[in-house]
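According to this note's numbering, the sequence shown is numbered sequentially starting from 1.
All C-beta atoms in this analysis are idealised placements derived from N, C-alpha and C, irrespective of residue type, glycine included.
For reference, the structure is listed below as structure tokens.
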Amino acid sequence: MLDFTLTPEQTELKLKAREFALKHVLPVAAYYDEIDETPLYVLKKAFESGLTNGEIPKEYGGKGYGVTEGVIITEEIAAACPGIATSLFDNSLGMEPLILSENEHAKQKYLPKIANEFKLIAFATSEPMMGSDVSGIRCSATKDGEDYILNGTKYWVTNGGIADYFSIFATVDPKSQHEGICAFLVEKNQEGVIIGKSIPKLGQRCSNTSGIHFNNVRVPKENVLAPPGEGFVLAMKTFSRTRSAIGAFAVGAARSALEYALEYAKKRRAFGTKISNFQAISFKLAEMYQKVETSRLLVWKASWEADNGMDPTVSASIAKFYATEAALEVVNEALQIFGGYGYTKMYPIEKLYRDIRLYRIYEGTSEIQRMIVSGYVLNAYQAVMPALDDLPLHREKDPAEVDLTEDKNSTAWRCQICGHVHYGEEAPEQCPYCFFPKASFKKSS
Ligand SMILES: Cc1cc2nc3c(=O)[nH]c(=O)nc-3n(C[C@H](O)[C@H](O)[C@H](O)COP(=O)(O)OP(=O)(O)OC[C@H]3O[C@@H](n4cnc5c(N)ncnc54)[C@H](O)[C@@H]3O)c2cc1C
Numbered sequence: 001m002l003d004f005t006l007t008p009e010q011t012e013l014k015l016k017a018r019e020f021a022l023k024h025v026l027p028v029a030a031y032y033d034e035i036d037e038t039p040l041y042v043l044k045k046a047f048e049s050g051l052t053n054g055e056i057p058k059e060y061g062g063k064g065y066g067v068t069e070g071v072i073i074t075e076e077i078a079a080a081c082p083g084i085a086t087s088l089f090d091n092s093l094g095m096e097p098l099i100l101s102e103n104e105h106a107k108q109k110y111l112p113k114i115a116n117e118f119k120l121i122a123f124a125t126s127e128p129m130m131g132s133d134v135s136g137i138r139c140s141a142t143k144d145g146e147d148y149i150l151n152g153t154k155y156w157v158t159n160g161g162i163a164d165y166f167s168i169f170a171t172v173d174p175k176s177q178h179e180g181i182c183a184f185l186v187e188k189n190q191e192g193v194i195i196g197k198s199i200p201k202l203g204q205r206c207s208n209t210s211g212i213h214f215n216n217v218r219v220p221k222e223n224v225l226a227p228p229g230e231g232f233v234l235a236m237k238t239f240s241r242t243r244s245a246i247g248a249f250a251v252g253a254a255r256s257a258l259e260y261a262l263e264y265a266k267k268r269r270a271f272g273t274k275i276s277n278f279q280a281i282s283f284k285l286a287e288m289y290q291k292v293e294t295s296r297l298l299v300w301k302a303s304w305e306a307d308n309g310m311d312p313t314v315s316a317s318i319a320k321f322y323a324t325e326a327a328l329e330v331v332n333e334a335l336q337i338f339g340g341y342g343y344t345k346m347y348p349i350e351k352l353y354r355d356i357r358l359y360r361i362y363e364g365t366s367e368i369q370r371m372i373v374s375g376y377v378l379n380a381y382q383a384v385m386p387a388l389d390d391l392p393l394h395r396e397k398d399p400a401e402v403d404l405t406e407d408k409n410s411t412a413w414r415c416q417i418c419g420h421v422h423y424g425e426e427a428p429e430q431c432p433y434c435f436f437p438k439a440s441f442k443k444s445s
């Protein structure tokens, strides 16, 4: 059964997240953007309000929410501040390798703590020299007895400067690419963990991003989330469950850009009338709304697949690259509708513009999502239509009236070069269109 309605619990969650966003996120967003800092107390308040870490399974003290509940909350928070939303929901990304891992000891140790105390957990595959190519990780993990010793640098770590724990992806041998990759849970206070300075950014300045350096950091075997050879798959499985949330960030932020532009267009006057009366403006608003609605549908579909035991990889990629690119188009048009004021810090559009720009980059760039989806359509997509060679193209006789299988002169021969269909007992000596010889014709079924 197809149903787009939220359950009463999901609706309640949406309204709760919306209220939190309007009361605690929106009022502080501009200030923290200006000073380039993460308002940690807002993250704590969101935790205390039960708006974070929802996906921790019930057996580890969590709520056992699905991906769908996560994207519902995410849209609301991102509508108020994409940066704070990124830092708030970074725990979902950081925790996912732990939840997916088979390391029961680590789950028992860390998940209840994250559920019950205010603990931040960050995620790190990226490094100064690589991001898209996860198989190219260089941070090294050297086996020492049953422990591993980490050396190297992870970069672009969201909440890297404020997190308590890290899901770290490293390699036992950079040359062996995917096969060498492993994953570990590392604590901030472990000897040899060095946190870099906060990286200054164009947007999402309310979200801390830092590098982390590991100098002979000893990780006990109890903290191995994926042994060598299983880390790459763990990272990919993580992304397939978290990418729809990036789409949800985009939906929330684009929705706000649309709302601000709508209000402005209905008030601003030019040539003796409201600018919303110009078709050039109202059609922009229509397309902006269309993009927000379409994006949300894709995000919900990917989440629904994840929550119903399907592999959401392709849908999550589609949702991510569609919604994040659509959001950039929406905020770009919103800025246009605001005219010169859109380009100033007096209105919220310029911040949204800077914040939204990031969505096409993190958790797999738009180019990487296109690689995933093109790989699927080229190699795994099951076509419904017959192959071109077998396509019935009867133009000379009506197949409903003549039994073509009985009529020898109705045998169809298709030129495999230009597609011309010849009817007759035999193929022609030469194609009358492209002049290729008889051998280029194939009997069509
Ligand atoms: C603010 C911020 C927060 C982030 N948070 C995190 C985090 O918490 N954890 C984490 O691990 N990472 C994080 N990242 C890193 C992010 O995931 C990477 O920046 C992203 O994956 C791209 O990697 P890169 O920057 O190394 O670009 P590169 O991989 O060097 O790519 C450069 C360009 O080449 C393109 N490209 C690369 N390969 C191909 C290809 N095969 N075909 C076509 N085009 C290609 C890319 O799409 C891009 O346009 C964050 C980044 C930012 C900016």
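Identify whether residue i lies in helix, strand or coil by the three-state DSSP scheme.
i: P97; result: helix
i: H24; result: helix
i: Y347; result: coil
i: Q369; result: helix
i: T273; result: strand
i: S140; result: strand
i: K443; result: strand
i: N223; result: helix
i: G252; result: helix
i: V193; result: strand
i: K175; result: helix
i: I121; result: strand
i: Q10; result: helix
i: S244; result: helix
i: S198; result: strand
Where do the ends of the beta strand (DSSP E) carrying residue i lie?
i: H446; result: The question about residue 446 has no answer, for the chain in this structure spans 1 to 445.
i: S126; result: Note, S126: premise wrong, no beta strand (DSSP E); not H, not E.
i: H213; result: 209-219
i: N116; result: Element bounds for N116: not the beta strand (DSSP E) but the alpha helix (DSSP H), 104-116.
i: K438; result: Segment: none, K438 is in no beta strand (DSSP E) and carries neither H nor E.
i: Y148; result: 147-158
i: I181; result: 181-187
i: A383; result: Element bounds for A383: n/a, residue is neither H nor E.
i: R414; result: 412-415
Give me the Cα-Cα distance between residue i and residue j, rounded to the nearest whole angstrom.
i: F338; j: A254; result: 15 Å
i: I417; j: A387; result: 15 Å
i: A306; j: R241; result: 6 Å
i: N379; j: R370; result: 14 Å
i: F450; j: E287; result: Residue coverage of the chain in this structure runs from 1 to 445, which leaves residue 450 outside it and unanswerable.
i: E59; j: G94; result: 19 Å
i: K488; j: V330; result: Given a span of 1 to 445 for the chain in the structure shown, any question on residue 488 remains unanswerable.
i: P27; j: Y347; result: 14 Å
i: H105; j: L225; result: 10 Å
i: A261; j: Y341; result: 11 Å
i: D144; j: K107; result: 23 Å
i: G66; j: E55; result: 6 Å
i: L43; j: I84; result: 8 Å
i: L258; j: V292; result: 8 Å
i: R138; j: G152; result: 7 Å
i: A439; j: S410; result: 19 Å
i: V172; j: I99; result: 23 Å
i: E406; j: M385; result: 25 Å
i: Q336; j: R360; result: 21 Å
i: Y376; j: H24; result: 42 Å
i: A80; j: A21; result: 6 Å
i: A170; j: S140; result: 5 Å
i: E363; j: T209; result: 14 Å
i: N189; j: Y165; result: 9 Å
i: L391; j: K443; result: 11 Å
Tell me the residue span of the alpha helix (DSSP H) that contains residue i.
i: D36; result: Note, D36: premise wrong, no alpha helix (DSSP H); not H, not E.
i: I168; result: Looking at the DSSP string, I168 is not in any alpha helix (DSSP H); the run it does join, the beta strand (DSSP E), is 165-171.
i: R296; result: 279-307
i: G70; result: 67-80
i: A334; result: 313-337
With 8 Å set as the bound, which would you pick, yes or no: does the beta-carbon of residue i sit closer than that to a beta-carbon of chain D?
i: W156; result: The chain inventory of the structure shown lacks chain D, comprising one protein chain alone.
Next on the checklist: For the pair the region 67-85 and the region 128-142, tell me if three or more CB-CB distances fall below 8 Å.
Outcome noted: no
Item to check | Cβ contact (3+ pairs, closer than 8 Å) linking the region 275-283 and the region 203-214 | outcome: no
Next on the checklist: Check whether the region 296-303 and the region 211-231 are in contact - that is, three or more C-beta pairs closer than 8 Å.
Outcome noted: no
Item to check | Cβ pair count under 8 Å reaching 3, the region 356-368 against the region 313-329 | outcome: yes
Checklist entry - Should the region 188-198 be called in touch with the region 151-163, which here means at least 3 C-beta pairs below 8 Å? => result yes
Checklist entry - Pairing CB atoms from the region 175-183 with CB atoms from the region 10-17, are three or more of them under 8 Å? => result As far as the Cβ criterion goes, the region 175-183 does not touch the region 10-17, which means the pair count is below three.
Checklist entry - Do the region 117-125 and the region 79-98 make contact, defined as three or more Cβ pairs closer than 8 Å? => result The region 117-125 is in contact with the region 79-98.
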